[in-house]
Structure formats: C-alpha cells, structure tokens
Amino acid sequence: MLQSHSRADGRLLAQYRKTTIQQGVLSKHASGSALVSFRNDENQDESTSILAAVTLQVGQPMCTAAFPAGRGDIDVTVSSFKEDDSINISVLQSYLQRTLDVCAQEALEDSISTGEDNHYHPLLLVPAKAAIGLVVTVKILQNAGNVGDAALLACIAALMDTKIPCREHGISLDEKTGRIWWQPKGYDAERTKEGNIATGCRCSERGETQHKMRFPLLPLPVTVGLYCSETSELEDKRRNWLVDPSSAEECSMSTMITMVVDGHAPEQILLLDFCPSFGENNRICSLRTKDLALVAQIAKARAEELKRILVA
Amino acid sequence: MTEARPDGRSANTLRPLSCELGCLHAADGSALWKAGNTHVMAAVHGPIAPRIATEEHADKCRIQVVIPTSSSSEWEAFLTRILTSCCCTQLYPRCILSITIHVLSHDGSILAAALHAAVSALMDAGIEMKTLPVGVTCLLSNTDILLDPTQVEEDESASLIIVLENSDADQMLACYSSNSLNQSVQTILKCSVVAARVSQAISAFWRIAIESKVKQQCETIFS
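Heads up: the protein sequence lines correspond to chains A and B, in order. Going by our numbering, the first sequence opens with residue 106, and the numbers climb by one from there. Going by our numbering, the second sequence opens with residue 873, and the numbers climb by one from there.
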C-alpha cells in the first residue's frame, strides 16, 4: 500500500469515501433525524452507515454561570445494530457527548422580548423551571471504519434538522400538574393565573409554531491515521498519513488523530484527540509540530467540504 | 499582563508535587501522587495470567486500566493506550497487567495526575518501559496559557492535556481536550512548547522519588 500509494479499496491515501447525508429520514417519529454514509463506490457493501434521531423531553433546566436562568441539554445514546468488538460503544458515547455539549452551550436564538435585558438559552421554556432536553439516539447500522466521524456528522445533521417549539407563543407552566402549556397564535400571553407562571411574550407574526435552532459553532470532524514504517531511512518517509481509515486500516495505524473544527471558521480547533493505537506496529510514533499543522490543514479542507454537503 | 491566579501561582508554575511509592503492600506496585489538592492513588497487579483465556495475547502483555470513580470510559481507554505504547509489553507475553486508579481528592488536572500515578506505580512494580510519558494540563484562558489548573479554573475555561515523550515539545505522544477549545493550531503548539519546559521538572521529580525509595530500601536492608 505504501509503495503504490493506493489502498486495498482502491482509494488514494488522501482520498475520502463518498459522504452522503440525508436529513429528515424519520420525520414521522422524531423531531430531527439524519442518515450518514461513508460509501466506497467500488464496493458498496463496505460502507459505514450511522442513523441519528433527536427527540424532545421537558425537564429541569441546568443553571450555569453563563445561563443563570437555566439552559437545556443534549444527551447522547449510542447502540449498534449488531455486535461489533471493534467499537467501544461507551468511549464513542463519551466522545459524542463531549462534542455535542459544545453545541448545547453555544446554541443561540433571538432573545424573548420580555422588556428585561435577559438572554435566554433557546432550549429554556420557563426560567429556572422547565427546559427542553434533546435526546440524540445514534444507531450504528454498518461499520467499515471511521465510525466516530460518521456518528458525529449524523448527530450534527440531526440537530440541524430538529425543530423546537417556537417560544414566541406564550408558554406557561402549571405547577400543580407539572404541565407545560403553549398558547396558540393570536393569544395575548400577558396573563397570569393563580398557580401558573407565565412568560410575557408576543406571538409570532409568521404564524410558525416550530423553528430550527441556530448553532454559532458547527463541529465538523476529521480522523487521520498515521502509520510509521521502519523500512525507510528518512524520518519523513517513514511517516505515512491516510484519511478516513477503513476497519482494516485502523488496526495497523500507529496513531489516530481526531480533530474537530468549527465549520463556520475552519481554522479554529474545537477538539483535538490523539493517542497511540493498538496497532500491530509496536513502534511509538509521536506527533511533531509540523504533523499537527498538516492535520489542521487537512481538517480545514475537509470541514469546508462537509459544510457544503450539509448545507446543500 | 497575566492576571494573578486564585492560589497565587504564576501561569507556568505547577502545584507542589508529592509521590509516595509502595504505599500499598498488597499490590505488586503502587503510588500515591499528589499535585496540590489533587490526590490520586494507583495500584498495579501483575503481570499475571488472565482469568479468561480469550483476554491474553500470545506475544505481548495486555494492559487494563480501571478508574472506578470515573464516569468516563474515555479516560480509561486513553490511559490504556498510552501505557500500552510506553511499556515493553513483549517482555510479558500471555499476561495481563491490571492498573487500578482511585481519585482520592479532586481539584483539577485529574487525568494528568492519574497518568503520573500509574507510571509511578509501574516503576514501583519494576515493569520495564520504553519511555516515560509526562502529561501536562494546559488551560486556555483569554489572556494566557495556565498550567496545572485547579477545579475552579477548569470550570471557567477549556483545557487540554498534552502527553509528551522524553519532555520533548516535538514528540507529542497523546492529547485530550476536555471541552471546547476554539483555538488556532498555533495556540495548541504553543501549549506543547510551554508544557515541554515544565515536564522536565516532572521527570526530575520522578528521579528524586525513585532514588529516595531505593535509598530507604538499602538503609532498611543493611541496617
């Protein structure tokens, strides 16, 4: 592979598999959904397919320093369609949770016009009382390598597809029953009943009851594998990079680097994880300064490509 | 100008370090690592034969890291990979090396302290290693890069841990970011340079800890 600079599946070392993102595949059963596939055109049986679905739950808000009135949260659950020892489900779930927490913190929406100078989180319904929790369920349908990138892309696409109730309608919480009430269009929401807590707001002039959230930060991942061979005498030629590794290639990598960059500003790195692999190659292959700079360039180019696919 | 930190340290100063080797007599190797108010204990059991035959590798040792108090399995996988690459696993075939890490006191920079405790326990157990990995936690604040942050500092800003090989900034073995960094690659590379300077102090501290342990054992044997 290293001498011919082509892989077992016919790709070049710097060539990605074809990425397809379909949003709204479960529109009847989930608030948002997406199906992401990394497919090899020559061998379509070996493709990585991930399905993500977002459902809404209402619960107690999380109060933080940035949002003292409380904010909503995103919870991730990962499962696999069939048993696969090559995937560590709990590690993947932790990685997705850590990355999507970035989206939950930075999500924005126009603030409610309450007359007060407050900025509310878009998932907050009633300050300090109720907020929306987004439950993201990820299902690994098929694994042919690079599951982490595909899973994160599926989560992001599903969140972008998700519609949350429009807060420009009146929202009230009945503390006796614990129920949330949305006022229909045309109601004047400036009313307070005994036992109810109402938020003062104007009704939407567009007549919409649901809308999508806006994410100032768009986490887009890239995973690159580094293979160190002992054959070449030159230090640089011993190090070989390949993008979007398949399952077989992941087993032989010395180091796997995952970099998550902001799709709106690809030179900004949101997350950086790399550690040695359990490859057959027993050499320690540390990263150098110029290696990290190279991966940042690869991540920037990949983020621009993924953003085009997501927006299209 | 760098703002003063809550505990009065400068940006590049580590908290006081303490390492006690062989504190657990029941384990093959153990270490209690303290960095300020962060206390982590590591215990090494092995190399021993695994209970389940499918867990063994024919040509090398399998290292297993367990952190009972941690809810993140990412930390266990992260430490397992680093220690597997740094230990001479081919010297102990068909064996398993179990490392249990207990966080006794939590005040920030837990992952780095856990790594150092595990490495100290492996040295105490006499496990041969190819290199000593040194982890430094860097906090990326608006003004500066703060090393070895406390829990209060970590709650306010994003941090990443850089693991270096041989205290060389150009030999980064691993990296883990706990939260959204939102930084350029130049800032991250600057972190590795700053971490390399400080990691030499940790390597020197390890030498002092091992020397004092050997000296104490010699005095006990020949007294």
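Virtual Cβ for every residue (Gly too), placed ideally from N, Cα, C. Keep in mind it's a predicted model, so treat the numbers as computed, not measured.
Below the 9 Å Cβ cutoff, chain A contributes F379, S391, L392, R393, T394, D396 and L397 as neighbours of M1044 of chain B, in chain order. Within the stretch 1049-1071 of chain B, the residues whose Cβ lies closer than 9 Å to any Cβ of chain A are, in chain order, S1049, S1050, N1051, S1052, L1053, N1054, Q1055, S1056, V1057, Q1058, T1059, I1060, L1061, S1064 and V1065. Around the beta carbon of N1014 of chain B, fewer than 16 other beta carbons sit within 10 angstroms, so the residue counts as exposed. When secondary structure is reduced to three states using DSSP, H988 of chain B falls in the helix class. Chain A places a beta carbon closer than 8 Å to that of C1047 of chain B, counting this residue as a contact.
Among the residues of chain B, those whose CB is under 8 Å from the CB of N193 of chain A are S945 and A949, following chain order.
Distance from the CA of W346 of chain A to the CA of P166 of chain A, rounded to the nearest whole angstrom, comes to 44 Å.
Contact fails between the stretch 363-383 of chain A and the stretch 1003-1023 of chain B, because fewer than three Cβ pairs, one in each stretch, are under 8 Å apart. Annotation: the continuous alpha helix (DSSP H) that includes C260 of chain A extends over V252 to D266. For R176 of chain A, there is no enclosing beta strand (DSSP E), as DSSP marks it with neither H nor E. At least one beta carbon of chain B lies nearer than 8 Å to the beta carbon of E372 of chain A.
For D378 of chain A, the uninterrupted beta strand (DSSP E) segment begins and ends at A370 to P381. In this structure, A233 of chain A places its C-beta atom within 8 Å of the C-beta atom of A174 of chain A.
In the DSSP assignment, K133 of chain A falls outside any alpha helix (DSSP H), carrying neither H nor E.
For Q1023 of chain B, the enclosing alpha helix (DSSP H) covers residues Q1023 to E1028.
Identification of chain A residues near L1032 of chain B by a Cβ-Cβ cut-off of 8 Å yields L377, ordered along the chain. Contact check for S981 of chain B and D1020 of chain B: beta-carbon distance about 5 Å, within the 8 Å limit, so the pair qualifies. Between E892 of chain B and I939 of chain B, the alpha-carbon positions lie close to 19 Å from each other. Those residues of the stretch 399-414 of chain A placed with their C-beta closer than 7 Å to a C-beta in chain B are A401, ordered along the chain. Listed along chain A are I389, each with a C-beta nearer than 8 Å to that of K1002 of chain B.
When secondary structure is reduced to three states using DSSP, S1031 of chain B falls in the strand class. E355 of chain A is not bridged by DSSP to any residue. In terms of CA proximity to P922 of chain B, B:I968 leads the group B:D879, B:I968 and B:L904. Against chain A, a Cβ distance below 7 Å from S1013 of chain B picks out nothing, because the smallest value is about 15 Å.
One Cα belongs to Q373 of chain A, the other to L392 of chain A, and the distance between them is close to 20 Å. For A898 of chain B, the secondary structure class from DSSP, reduced to helix, strand or coil, is coil. Residue A:C260 holds the alpha-carbon nearest to the alpha-carbon of Q128 of chain A among A:C260, A:Q402, A:E354 and A:L323.
Around S199 of chain A, the beta-carbon contacts reaching into chain B at under 7 Å are S944, S945 and E946. Contacts between R953 of chain B and chain A, judged by CB atoms closer than 9 Å, involve C380, P381, S382 and F383 in chain order.
Boundaries of the beta strand (DSSP E) harbouring R144 of chain A: G137 to R144, taken from the DSSP string. The residue among B:Q962, B:L904, B:T941 and B:L955 with its C-alpha nearest the C-alpha of E928 of chain B is B:Q962. Annotation: Cβ neighbours of D367 of chain A in chain B (cutoff 8 Å, chain order): N1054. A contact is defined here as three or more CB-CB pairs under 8 Å, and the stretch 893-902 of chain B fails this definition with respect to the stretch 393-413 of chain A.
Close to S957 of chain B, with beta-carbon spacing below 7 Å, are these residues of chain A in chain order: P381 and I389. Taking one beta carbon from each stretch, the stretch 190-199 of chain A and the stretch 247-261 of chain A have 3 or more pairs nearer than 8 Å; the two touch. By the Cβ test, the stretch 175-182 of chain A is in contact with the stretch 152-167 of chain A, since at least three Cβ pairs between them sit closer than 8 Å.
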